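One structure is given here, and the rest of the page talks about it.
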Amino acid sequence: MDVRSNRREAGGSSVVTANRLLDGRIVWLAGDGAWSGRIDAAHVFSNDGIEAVIDATARRQQADGVVGVYGVQVRDDSTTPVPVTVRERIRAFGPTVHPEFATLTEVPPDVR
Amino acid sequence: MSAEILAAPSSGIAPVGHYAYDQVDRAFLHDRVEQFRDQVARRLSGTLSEDEFKPLRLMNGLYLQLHAYMLRVAIPYGILDSRQMRELANIARTYDRDYGHFTTRQNIQFNWIRLEDTPDILARLATVDMHAIQTSGNCIRNVTCDQFAGAAADELLDPRVHAEILRQWSTLHPEFSFLPRKFKIAISGSPNDRVAARFHDIGLVAKPGRHGTVFDVFVGGGMGRTPIVGVHLRDNLPEEDLLAYLEAMIRVYNEYGRRDNIYKARIKILVQALGAEGYREKVDAEFAAMDRARYRLPPETVAAIRARFGTPALDAPSDAAERLAGARRADAAFDRWVRTNTHSHRAAGYISAVISLKPDGGIPGDATSAQLDAIADLAERFSFGEIRISHMQNVVLGHVRQDELHALWQELGRAGLASANIGLIGDIIACPGLDYCSLANARSIPIAQKLSARFANPDLQERIGDLQIKISGCINACGHHHAGHIGILGVDKKGEEFFQLTLGGSAASDAAIGQILGPALPEDSTVDAIAHLVDAYLVHRTDGERFLDTYRRLGAALFKDAVYALA
């Protein structure tokens, strides 16, 4: 995983993401351990403990049918998880040049 | 090169402009598809890990990008026929989101592919003699070619037969399948460089010699994080030594190229490290030691390959040029399109037409399945079913009768494909950028869209004249920003997008690397900055001077002031 996308700050919060093996679509780890195509279903972890979550999740990625597990830091000013970096916001909400491909019907304001 | 491939004559009518496959080629493709189908099944079952599977999928053009798998399909030397284009449209409709993206390597990419569909997609491609081999990995990639090859009035020699020979020579070449890094070859037959020959690992310019075809050879050019204009290695390489000499060149690279550092692994780094003369000496020594008879490219082999190419019957009526002139006088919009979007043909009464894939505010290089079908229909009606893709991400119909050009233009207008901006500020190269690419730092496409919308006025575009803007979303430079008259490079600053401007680049015969103008700009200032650069140029240019000429005459200072003095 590219270091740029996997960096986190102490005291922050993150969600866990991957790509689905079958179709490559982006998925987010939900609270029940399932994977969702919507970031608003993602469980938000404290950065203090997220490395252990990522390690455990990566170990079961073949069984889960996902590849490339890593953590994404999110802003702490939104109820819907909004990634800190523009790269991860594009992953979460879809390509900016095709609004019709947006992953959420209602995209939180100011997420681009 | 496979002797079987060369020995088998074509049984059907050869497609105009490219090599006709036979049963040997088709059997190979079928086996390759079934091999990959098995590899995908083993990946899905867990028998293959992602680390084991990744190099296998890349050998079949399949990347895992930001949102999905991306399949890059090869278009050898940028030429395909109408039935192939229709199959690409089918794939876009059936397996993707109804569009494809033409690349700066004359290939096409589909951005929303499912892994489980990929073997079926490759099987459908194989039905029209297409594949995704050599579009990824550290091998000799798809050989690119002049988009006006075999048609241009300024051409000395049609290079496509030799491009096909290089394709066959390099396909599954056992010695060159695991090079230190990817390896890109471009070939042209015109003294006017339209293939960026000096920015390729090897650039070849074919021309007639005293005793047959010869080649001028450039080596070690490239973009990426270390942009270098290629070295002129030698002149007048005889055709019969083409494969032997390239074999020697790449053998030296394979032996001495660095494998310890991905950023120093391209041949350009080796050529710089050895020096041009040092590299030339090693190549000459290898060349001298080779069994030249084994690698000789005899005229009969070239003739056999040439025989597998269809040739167009060029028989325009004698008044074709006169009728075109009349249509231009009667229709100002058509006249403008002819000025910008056509290229002189070698045959009387014919002309090459460039179909811009850069509509105002659009995504450079994208085409919907309906547009792909429309292009196929128009190619059959107007240009012998032959279609060319340019490294500028446009489409060319090579052989259009001049008296039929107005009808073609009208049909293009109905398909939304009649933008009159080739070579102008709206004809922007842009990589997919951060909207799709997992390597990108910043988005390229939105900047291109905003620029083409800002400069949409056709009068303004013509007044500005020849100005090439090229945008890359990261330092890998797939958008060729180093060679842009104005280059734009996306950079990442703490997770946000910024854009660095370079001026003075050129991919043509006067190849040059653009120079950084100043600090990177935030996204919302970048389009205004380009507008300030254009304004400064319009104020200071002399008659007939291109943007590049003005920059070279006056230097960077006034342009730097135009962008940064107001900040």
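Protein chains in written order, with my numbering: chain A, 2 to 113; chain B, 579 to 1145.
Just so it is clear, CB atoms sit at the ideal spot from N, CA and C, and this is done for glycine as well.
These numbers were taken from a predicted model, which means no experiment stands behind them.
Identity of the residues DSSP links to residue 1131 of chain B by a beta bridge: Bridge partners of residue 1131 of chain B: none, in fact.
Using 7 angstroms as the threshold, is the C-beta distance between residue 682 of chain B and residue 1059 of chain B below it? no
Where in the stretch 1035-1095 of chain B do unbroken runs of the alpha helix (DSSP H), each at least 4 residues long, occur, reported from the N-terminal end onward? 1036-1042
Under 9 angstroms Cβ-Cβ, which residues of chain B neighbour residue 27 of chain A? 644, 645, 646
Quick one: is residue 988 of chain B buried, meaning 16 or more other Cβ sit within 10 Å of its Cβ, or exposed? exposed
Under the three-state DSSP convention, the category residue 688 of chain B falls into: strand
Out of A:15, A:19, A:9, A:11, point me to the one whose CA is closest to residue 1016 of chain B's CA. A:19
Residues that DSSP places opposite residue 29 of chain A in a beta bridge: A:18, A:37
In this structure, what does DSSP give as the bridge partners for residue 658 of chain B? B:965
In the DSSP output, which residue or residues are listed as bridge partners for residue 80 of chain A? Residue 80 of chain A is not bridged to any residue.
From residue 1129 of chain B to residue 1116 of chain B, what distance separates their C-alpha atoms? 11 angstroms
In the DSSP assignment, what are the bridge partners of residue 979 of chain B? B:928
For residue 890 of chain B, tell me which candidate among B:1002, B:865, B:1029, B:727 has the shortest Cα-Cα distance. B:727
Counting Cβ pairs closer than 8 angstroms, one from the stretch 736-746 of chain B and one from the stretch 652-659 of chain B, do we hit at least three? yes
Mind listing, in chain order, the continuous beta strand (DSSP E) runs of no fewer than 3 residues lying wholly within the stretch 698-784 of chain B? 763-766
Residues that DSSP places opposite residue 640 of chain B in a beta bridge: B:649
So residue 764 of chain B packs on residue 778 of chain B, CB below 8 angstroms; how close in whole Å? 4 angstroms
Give a yes or no on whether the minimum CB-CB distance between residue 943 of chain B and chain A is below 7 angstroms. no
What's the call for residue 645 of chain B, buried or exposed, on a 16-neighbour Cβ count within 10 Å? buried
When you compare the CB positions of residue 980 of chain B and residue 904 of chain B, do they come within less than 7 angstroms of one another, or not? no
Endpoints, alpha helix (DSSP H) assigned at residue 947 of chain B: 947-960
Just mark residue 907 of chain B as buried or exposed, buried being the case when its beta carbon has 16 or more other beta carbons within 10 Å. exposed
Could you give the residue range of the beta strand (DSSP E) that holds residue 816 of chain B? 809-816
CB-CB length for residue 888 of chain B against residue 592 of chain B, believed under 8 angstroms: 4 angstroms
Helix, strand or coil for residue 789 of chain B, going by three-state DSSP, please let me know. coil
Going by DSSP in three states, residue 588 of chain B sits in which element: helix, strand or coil? Residue confidence is low: residue 588 of chain B scores 41 on pLDDT, short of 50, so the model does not pin down where it sits. Its coordinate-derived value is still stated next. DSSP places residue 588 of chain B in coil when its eight states are reduced to three.
Are any of the Cβ atoms in chain A nearer than 7 angstroms to that of residue 981 of chain B? no
Does any residue of chain B bring its CB to less than 7 angstroms from the CB of residue 85 of chain A? yes
Please report the distance separating the alpha-carbon of residue 755 of chain B from that of residue 731 of chain B. 37 angstroms
When the cut-off is 7 angstroms and only beta carbons count, does residue 76 of chain A lie next to chain B? no
Use the C-beta contact count for residue 597 of chain B: other C-beta atoms within 10 angstroms, 16 or more gives buried, fewer gives exposed. buried
Please compile the residues from chain B whose C-beta is within a distance smaller than 7 angstroms of the C-beta of residue 30 of chain A. Near residue 30 of chain A there are no residues of chain B at all, since even the closest Cβ is about 18 angstroms away, more than 7 angstroms.
Would residue 97 of chain A and residue 1073 of chain B qualify as a contact pair, given that the criterion is a beta-carbon distance under 7 angstroms? no
If I follow the unbroken beta strand (DSSP E) through residue 920 of chain B, where does it start and stop? 920-922
From residue 938 of chain B to residue 1112 of chain B, what does the alpha carbon distance come to, in whole angstroms? 18 angstroms
What are the start and end residues of the alpha helix (DSSP H) that includes residue 857 of chain B? 854-867
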